[in-house]
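In what follows, a structure is listed as structure tokens, so that the remarks can point back to it.
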Amino acid sequence: MKPIDLNEMGAIGAIAQEAEGKWGMVIDQDLCTGCQACVAACSMENNIAFVGEEDASYGRSLQWIRIERFWEGEYPEVKMTPFQPMLCQHCHNAPCEPVCPVFAAVHSPAEDLNLQVYNRCVGTRYCANNCPYQVRVFNWRDYERPEPLNNQFNPDVTVRRRGIMEKCTFCLQRIHRAEDLAKAEGREVRDGEFTTACAQACPADAIIFGRLDDPESRVNQLSKPDRGYQMLEELGTVPRITYFKEG
Amino acid sequence: MSKKISRRDFLKLAGMGAATGAALTGCGPASRYVVREPYTQMPEYTFNGQSTYFATTCRECPAGCGLVVRTYQGRALKTEGNPAHPVNQGKTCARGQATLHGLYNPDRVTDPVSQSTRGSRDFSDMDWDAAVQVVADALSNTEPAAIAFLLGPAPDHLFDLVSDLTGAIGAPAPVRYGALSMFEARATLIQATESMLGESRLPVFDLANAGVTFSFGANFLETWLSPVAYTRGYSRMRKQEKRGYLVQFEPRMSQTAAKADEWIPLKSGTEGMVALAIGRLSAEVRGAALPRAFVDVDVAGVAEESGVPVETLLHLAELLAGAERPLAIPGGAALSHINGMATGEAVLALNAMAGNFGQPGGVFLSPVPPNVDEYHHPASLQEMGAFVEQMKAGDIQVLLVHGVNPLFELPNALGFEDAMKSVPLVISFATFPDETALQSDYIFPDHHGLESWGYQRIAAGTDRSTLSGAQPVVVPFYNTRATADVLLAAFAEVGGELAAALPFADEVAFMQDKLLPLVENKDANFNAAEINTFFAYFQQLGGWWGNQIAFTAPAQNTLNNAMTVAAPEFEGEGEFVLLPFVSPVLAESGANKPWLQEVPDPTTTVMWNSWVEINPDVGHELGIENDDVVRIVSEAGAVEVSVYLYPAIRPDTIAIPFGQGHTAYGRYAEGRGVNPLDLLGLKFNEAGDLAYASMRVRIEKTGRKRELARLESKIGVYGEGLGEEH
Amino acid sequence: MADTVSLLAVFPDLEPAADAIDKLRSLGLAHDQMNVISGIPVTEAMLGRPSQWTNVPRLALGGAIGGFLVGLFLVFTPLLYFVPVGGQPIIPGPPSVVLLFELTMLGLLISTFLGVFLDSTFPSYRPMQYVPEISDGKIAVFFNCPEDERERYTQAMTDSGAETVKEAEAQQL
Amino acid sequence: MIKNIFGWLFSPLGRIALLIGGLTVLSLAVWGISLTQASPEQPIQFPHNRHVNFGIQCLYCHPGASRGPVAGLPTQTKCWGCHQQMQITETSELLKPLVQAVENNEPIQWVPVAIVPDFVQFNHRPHIAAGVNCEDCHGDMTQVTIAENPQVFNMGWCLNCHKEHSVDNPELRTKLLDCGTCHY
Amino acid sequence: MASTTMPMEHAHSEEAHLREQHLMLDPRPRGEMNAMIMEAMHYTTWKFWVVAAILGAIVLVGLFGSWGYMIAEGLGVAGVNRPVFWGIFLVNTVFWIGISHAGTFISAILRVFKSEFRRPFTRAAELMTTFGLVQAGFSIFMHMGRVWLSYWLFPYPNQRQLWPNFHSPLSWDLLAITTYLLASTMYLFLPLIPDLAMARDRTAGGWRKNFYKVLALGFRGTEGEWTHLRNAMNIFAFAIIPVMFSVHTIVSWDFAVATRPGWNSTIFGPYFVIGALHSGMGAVIMVLAVVRATMKNMKYFIRPEHFDAIGKLMLIISMGWAYFFFNDYMVQWYGGDKWTEALLHWHEAGPMGWMWFLMLIVNVAIPWLVLWNKRWRSNPWIVFVVGLLINVGMYLERYIIIPISLTINRMPFTWRMYEPGIEIPLSIGTLAFFILLYMIASKLIPLVPVWEVQEGQMAHSMKKFGRETVVTVSELE
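Below, the structure written as structure tokens:
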């Protein structure tokens with residue numbers, strides 16, 4: 104049995120930085136301009152299908168990252184709340200994982216990430232129901248990409264077919280590529296050596312990805328406890344993404 | 002030269018790997034009977050299963066961001082920003098990411114074709130020799146003065162080639178146009194800059210170091226001038242020791258305004274007046290002598306005209322007066338009024354008062370790009386009007402169009418489509434079957450930007466003289482040919498003395514010729530002794546840029562003359578002022594990329610369609626609900642579009658995004674949404690830019706409904722169905 | 005046994021059948037030399053017969069234990085290949101209880117069901133001694149008696165109220 | 004209808020027919036499965052055994068294996084490098100397709116033998132680096148002409164090897180048994 | 044009815060009256076009852092065939108046709124979306140599992156408590172259990188995105204070395220439903236064996252003879268056979284009750300263990316069980332009314348007394364349901380979590396608020412208003428309507444719990460409504476399939492356990508206490 108860790112139990116505000124972790128992300132909502140470059144970059148990197156107008160208007164778009172915004176007040180004192188990119192939070196205690204009957208949504212002990220094994224998925228969609236962040240998307244149909252659009256497929260990422268749940272992987276293929284390279288060269292992965300597609304594209308540098316277990320990493324350096332918070336941290340899911348409030 | 006040839010061969014070889022693509026799809030068990038083709042010869046720098054990266058320049062908009070494209074076995078997989086490139090420093094926008102959906106678009110023009118009658122879509126394939134002959138005949142059999150080239154804002158090497166070509170045969174210089182330059186009111190911005198800073202160039206605003214920024218309708222986070230560069234600037238502005246402060250003045254909350262600390266919803270066209278009033282109040286707050294420029298400003302009158310209360314003006318003036326490095330930016334919508342010139346000058350006057358010309362966090366003149374002496378600005382709408390008149394008068398016998406889609410990007414009122422009927426021969430070099438291409442006699446498709454050579458001069462967005470280089474990252478997918486090569490071949494076909502004026506085997510030879518002067522300039526990101534090495538570096542690094550920060554700002558005392566900004570004038574009848582704005586994700590040419598269609602609009606989260614933004618209170622007053630289809634009628638035309646009740650727009654203003662409304666341009670764009678340019682009239686400001694923000698329109702209900710595809714929840718965001726709608 | 009004959013006496017009701025069984029006993033037949041066939045469950049006590057031995061409860065218990073063991077195996081299957089989920093232990097406590105319960109019950113019920121088959125040697129489609137009237141509520145007493153005493157037994161049955169007494173012939177049901 | 008079925012079933016002939024039917028279905032299934040396992044038709048009956056017996060290393064023709072995910076098929080230029088110096092190239096019937104391909108500069112259409120499903124992200128490099136020999140997975144090439152798979156590349160087979168190689172290294176074991184190592 | 048004291052001279056008619064009222068006091072010779080049941084099975088009018096043909100067509104097109112289309116196209120043809128990942132398929136699953144509870148309740152719980160009125164219709168109720176579970180199984184497989192891989196849910200040794208995830212309520216569900224389906228089928232079959240033997244004896248030949256012969260397993264009715272059977276039935280009656288409770292509790296855990304507002308409730312287990320009984324009893328009474336009206340000789344076996352008894356049970360269960368509903372509502376309401384508040388608001392004031400109110404009316408108000416009256420609840424058609432309404436209400440309850448509640452989550456940006464698509468023909472198809480199976484079964488197996496009725500009739504008698512004649516029951520076992 105593992106020892107009881109109050110951080111993990113959510114008893115004292117479950118700060119991911121303090122709990123163990125490997126990969127993490129910092130999203131600065133003050134910088135995020137809502138430009139959707141991350142959305143496009145993610146789709147291009149991860150072979151995400153487009154679903155067309157009808158399905159998109161019915162909540163079936165497949166983006167792994169979405170940018171939320173709400174309104175405060177009424178005209179003329181109306182204000183848009185800060186853009187809030189929502190993607191898989193890669194919870195340490197992910198509610199999506201235990202409910203999958205076939206181990207398709209599992210935790211990666213090696214990378215401390217939340218995995219979705221596409222080929223194992225049978226499509227019960229329980230994980231999506233149980234995700235408090237609603238960041239899982241389901242392939243409601245075979246969304247064909249007509250020739251020759253399929254030439255753009257990234258060979259490092261499985262192309263999903265109908266009936267499969269999918270979600271952000273923290274660009275696991277890039278993690279593996281970098282780790283493989285580092286191992287071939289006999290060293291550790293350097294901070295900033297690679298990054299996720301969304302962080303790479305982000306023109307405002309609002310998304311920073313890196314190692315949580317390296318105190319020198321940019322992700323850890325950027326931590327500003329007064330501004331940082333985690334989504335729905337009261338649930339004790341121990342997310343790996345820290346958001347910075349505006350201002 | 003040998004290097005070049007080997008590279009091109011390599012690309013051809015690399016293309017053969019494309020067949021393996023089929024094996025990589027699907028999440029089922031892979032078929033056992035997949036065929037794999039090895040390379041016939043292993044290309045240089047390539048290992049099995051490893052990606053190769055090529056630097057090039059993004060052609061989705063004229064800003065000229067540097068890209069690094071990941072290719073794998075001859076397929077382009079992913080675009081990334083070029084980290085060394087001075088414009089975007091490794092970043093891209095959504096459009097840059099989606100450029101691959103242009104490259105692999107299923108609706109590209111695959112072969113040179115002739116069309117039986119214009120608009121019939123009855124194409125017959127040609128071979129390129131015949132196509133070159135058509136161009137050669139057109140060039141040789143037509144009186145030079147009757148040959149007109151209409152080019153887009155990119156790429157610049159083609160513009161240079163066509164300039165040389167027209168110069169050689171004595172034809173009129175090529176005309177360049179792009180809808181973005183119209184929306185940015187570039188001509189007005191340049192003229193205002195000339196009158197305030199003394200040089201006819203685009204200004205650069207050093208957002209990154211600004212303390213307090215007043216943006217008058219400049220949507221620099223979306224499409225304005227160089228959005229990625231300005232977004233970087235914005236990011237750094239916020240990350241300063243003392244967080245930068247942003248105030249946005251515009252009638253509708255744009256994406257940029259959404260990021261502003263304060264949004265001042267002033268009446269459209271009163272930006273200049275408000276700038277002057279703030280200038281005056283600010284000078285008063287500081288207690289310094291009132292500059293002459295602000296003497297005539299009637300603050301109360303401005304408050305009444307603009308709808309911004311005096312207290313707000315005063316508050317803003319105090320903010321400005323107390324700021325360390327204030328900055329004021331004039332945006333396109335503010336300049337696109339009858340009073341646009343005055344507005345531009347008034348906003349720049351705020352900078353002058355702050356004394357930030359040439360200072361960090363201030364205003365600079367954009368560095369002159371290398372290998373030219375001046376900035377070739379795109380045609381203003383008035384100039385385009387003159388061009389159309391020429392066409393109508395029958396002065397143009399041959400029209401060659403490249404890189405621009407005038408039938409979509411020009412207001413209907415200008416009558417380009419009619420004018421085309423008076424042109425006997427129209428040749429389009431479009432990559433995609435856009436509206437203009439379909440109204441042409443021939444389409445001789447150019448490569449996609451990622452299959453093309455070229456360079457692009459950076460007009461705005463960098464602090465140093467920059468020439469961004471483009472090279473093919475994949476072998477051309479279809480039977481397309483570079484327009485520059487077609488023109489050179491045609492020119493050679495014409496033969497004689499003329500051909501000697503452009504003695505180049507292909508566009509690469511031409512480019513090398515144009516780059517030759519730069520070899521001498523050693524103060525740059527790379528040095529090379531001779532042109533071949535230079536060209537290799539130019540490809541490898543994605544362009545050439547100087548080491549020196551080239552900001553210039555001649556000192557001028559510009560506040561000595563009294564300034565006034567007239568009240569805006571509006572055209573036509575109707576309760577509402579129409580504010581067309583450029584869709585931040587689609588812009589002028591993104592509509593045919595399915596992933597861009599599905600990327601939600603940043604402010605409304607609408608996908609795959611157009612909408613009209615109406616203030617909810619007005620909507621309820623008129624009995625208009627979300628998703629109702631309404632008819633927007635102006636003097637110039639009418640469109641039918643679904644309503645989005647947008648909480649952050651002035652009640653007297655409605656807004657429609659520009660980007661959709663194609664009647665051609667492939668399956669993903671065609672028949673989707675509306676084009677707000679159909680509603681615009683033909684009033685110009687002093688600089689010749691269209692006063693597009695001054696059109697009055699009225700709304701008619703149609704009784705129909707068409708649901709907009711939104712990413713957001715109407716329930717969760719607007720409380721719809723919860724009995725607490727607003 | 006060449007010198008015995010199987011007889012089948014059919015009675016309209018319980019009383020005569022019970023009488024007949026008493027008579028058979030007094031004629032010297034042991035309990036295991038006779039059997040009763042009825043259309044409703046007639047308890048042994050009603051006919052004065054000894055309790056029937058049944059293995060069903062024991063089989064049920066065995067099945068339950070078997071099910072429990074299968075459940076136990078399933079509970080520990082995660083040890084074959086560690087896949088952590090949601091920060092929960094590899095072998096979760098409460099869900100294991102659910103698993104054990106369900107499989108125990110499944111084992112119990114299946115073995116009960118099969119126990120009936122086993123104990124009653126179901127299914128058997130061989131010819132058997134039977135009279136279809138018993139499904140109309142009659143009660144048949146089936147016994148073996150010595151060939152030479154057949155008349156005596158038949159008479160005794162008829163006296164007790166048997167409707168028919170005949171030689172039991174195995175027939176296809 | 005049901006009567007027919009029952010009657011049919013109870014007759015001895017019916018039972019035999021049933022048996023035959025069942026056997027047919029079974030053997031069809033076995034045949035179908037064996038079809039999927041058989042070596043496919045190749046454009047050239049490539050003799051691996053001969054090449055290996057000449058002393059040519061695997062990595063000479065499949066160099067990608069030591070560097071990255073894909074071992075790769077040799078280009079025909081590489082084949083030609085040796086073959087153009089050999090007499091047999093001109094005479095051999097077997098080598099005709101190669102000569103043809105080189106002359107026409109057309110790629111040879113090989114049918115891959117050792118493939119994993121596309122939802123498995125396999126990388127050769129770490130396997131080679133960990134000291135796994137080619138023949139451990141691909142079989143002894145001195146014994147075959149066209150490559151044949153000595154085993155089905157399924158997950159249990161992968162896992163067994165991963166487990167064996169990480170018995171005494173818990174950290175490595177975590178990595179090697181992680182779903183995300185192969186599936187993403 | 045017989046509320047006034049009767050004069051002595053009417054004692055005879057009093058007995059007659061009691062006999063008319065109670066099946067158990069109105070014995071007929073076993074042979075006659077057998078003949079009645081056999082006739083009920085064989086007597087088939089053209090109406091039966093027409094209805095069966097229509098239902099068959101619906102099953103073929105609505106169920107299997109639509110399902111095949113959905114498998115080929117993907118779940119996009121259904122109405123599920125984000126965030127309503129679960130739709131009508133799971134509503135149907137829960138609904139059918141609920142329906143199936145009544146059979147076990149009647150035949151097991153009432154058997155354990157020796158409620159004699161159960162005797163003629165235990166089988167009719169058990170058939171519902173089995174066929175209802177079949178529909179539940181169909182629905183749950185329809186729900187899956189890749190149903191062709193559904194065998195991965197079952198524990199079996201495989202080369203991947205990967206077993207199902209027993210952390211997941213869905214795998215408990217699968218085990219529980221499988222257990223329950225097997226158990227209820229076996230429990231249906233055991234008491235059926237003597238009746239099959241009876242049918243075998245009364246069938247001269249033809250395929251039916253073979254059918255009964257095979258199914259009757261060679262049952263003769265020897266003492267040993269009866270003993271084994273009785274023992275087994277006793278074990279079943281006791282053991283199947285916890286299985287039944289566990290099934291619906293586990294179904295409720297599918298929702299209750301989730302981290303969703305409104306679902307995360309400890310009362311869900313018993314709330315679902317009582318809800319299941321509520322809809323199940325409604326369904327039983329509907330089936331009995333239809334069987335009594337359409338099948339020959341059934342008016343003898345199924346009498347107003349039975350409707351009266353089930354009606355009383357329904358009233359009690361309705362009260363129990365209301366109690367649990369209020370309990371759940373109260374706790375959720377008091378909790379004050381903002382998402383739960385939003386959910387309750389959405390239930391009541393959202394666009395589908397009418398469902399919530401309709402559910403309360405048909406589940407509580409109508410049963411309470413109608414079933415207190417003995418005369419009304421003895422009327423088959425009145426209780427049929429009440430049963431129907433309760434089933435509508437319970438369907439709405441599941442609909443509110445699943446697709447409507449799923450709209451509300453902790454990410455308001457994603458809230459979206461659910462509009463069923465191909466679920467509608469598929470739901471109708473499962474209903475038609477259920478009815479069709481029932482119709483076919485009613486023609487193949489004796490719908491009334493004759494031997495149990497006879498056993499009960501033997502045990503019942505009338506006795507005079509003072510001036511009143513009352514019913515007495517002897518304990519035969």
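If you're matching them up, the sequences are chains Y, V, E, S and F in order. When the first sequence is numbered by the numbering used here, its final residue is 350 and no position is left out of the sequence of numbers. When the second sequence is numbered by the numbering used here, its final residue is 727 and no position is left out of the sequence of numbers. When the third sequence is numbered by the numbering used here, its final residue is 177 and no position is left out of the sequence of numbers. When the fourth sequence is numbered by the numbering used here, its final residue is 187 and no position is left out of the sequence of numbers. When the fifth sequence is numbered by the numbering used here, its final residue is 520 and no position is left out of the sequence of numbers. For every residue, glycine included, the Cβ atom is placed at its ideal position computed from N, Cα and C.
Identity of the residues DSSP links to residue i by a beta bridge
| i | result |
| --- | --- |
| E:I41 | E:A144 and F:T265 |
| V:S643 | V:V630 |
| V:G455 | V:A471 |
| V:E81 | V:V69 |
For residue i, the first and last residue of its enclosing beta strand (DSSP E)
| i | result |
| --- | --- |
| V:R705 | M696 to K706 |
| Y:D131 | W126 to D131 |
| V:Y73 | G67 to Y73 |
| V:Q116 | V114 to Q116 |
| V:S216 | V213 to F217 |
Nearest-angstrom beta carbon gap, residue j and residue i [assumed within contact, 8 Å]
| i | j | result |
| --- | --- | --- |
| V:C94 | Y:P306 | 6 Å |
| S:N126 | S:P72 | 4 Å |
| V:N406 | V:T437 | 5 Å |
Start-to-end residues for the alpha helix (DSSP H) that takes in residue i
| i | result |
| --- | --- |
| V:T604 | Where V:T604 is concerned, there is no enclosing alpha helix (DSSP H), given that its DSSP letter is neither H nor E. |
To be precise: take each residue of the stretch 67-101 of chain E, compare its Cβ to all Cβ atoms of chain S, and keep it if any distance is under 8 Å. Which residues remain? Those would be Y85, F86 and V87, in chain order.
Mind the definition here: the stretch 84-98 of chain E touches the stretch 117-127 of chain E only if three or more C-beta pairs lie below 8 Å; say whether that holds. Counting Cβ pairs under 8 Å, fewer than three are found: no touch.
Below 9 Å between beta carbons is the criterion; list the residues of the stretch 243-256 of chain Y that meet it against any residue of chain E, in chain order. Of all residues in the stretch 243-256 of chain Y, none is placed with a Cβ closer than 9 Å to any Cβ belonging to chain E.
Scan the stretch 205-229 of chain Y for residues whose Cβ lies nearer than 8 Å to a Cβ of chain S and list them as they occur along the chain. Hits within the stretch, in order: F206, V209, S211, P212, A213, E214, L216, L218, V220, Y221, N222 and R223.
Output, in sequence order along the chain, the residues in the stretch 205-237 of chain V whose CB is closer than 7 Å to any CB in chain Y. Per Cβ criterion, the list reads L222, V229, T232, R233, Y235 and S236.
Interface positions of the stretch 187-207 of chain Y facing chain F (Cβ-Cβ less than 9 Å), listed along the chain: Cβ contacts with chain F: Q187, M189, P198, E200, P201, V202, C203, P204, V205, F206 and A207.
With a threshold of 8 Å, are at least 3 pairs of Cβ atoms found where one atom belongs to the stretch 254-264 of chain Y and the other to the stretch 225-234 of chain F? Flag = no, the stretch 254-264 of chain Y and the stretch 225-234 of chain F do not touch.
Using a beta-carbon distance cut-off of less than 8 Å, what residues from the stretch 162-179 of chain S approach chain Y? Result list: T177 and K178.
Check whether the stretch 168-175 of chain Y and the stretch 202-214 of chain Y are in contact - that is, three or more C-beta pairs closer than 8 Å. The stretch 202-214 of chain Y and the stretch 168-175 of chain Y do not touch, with fewer than three beta-carbon pairs separated by less than 8 Å.
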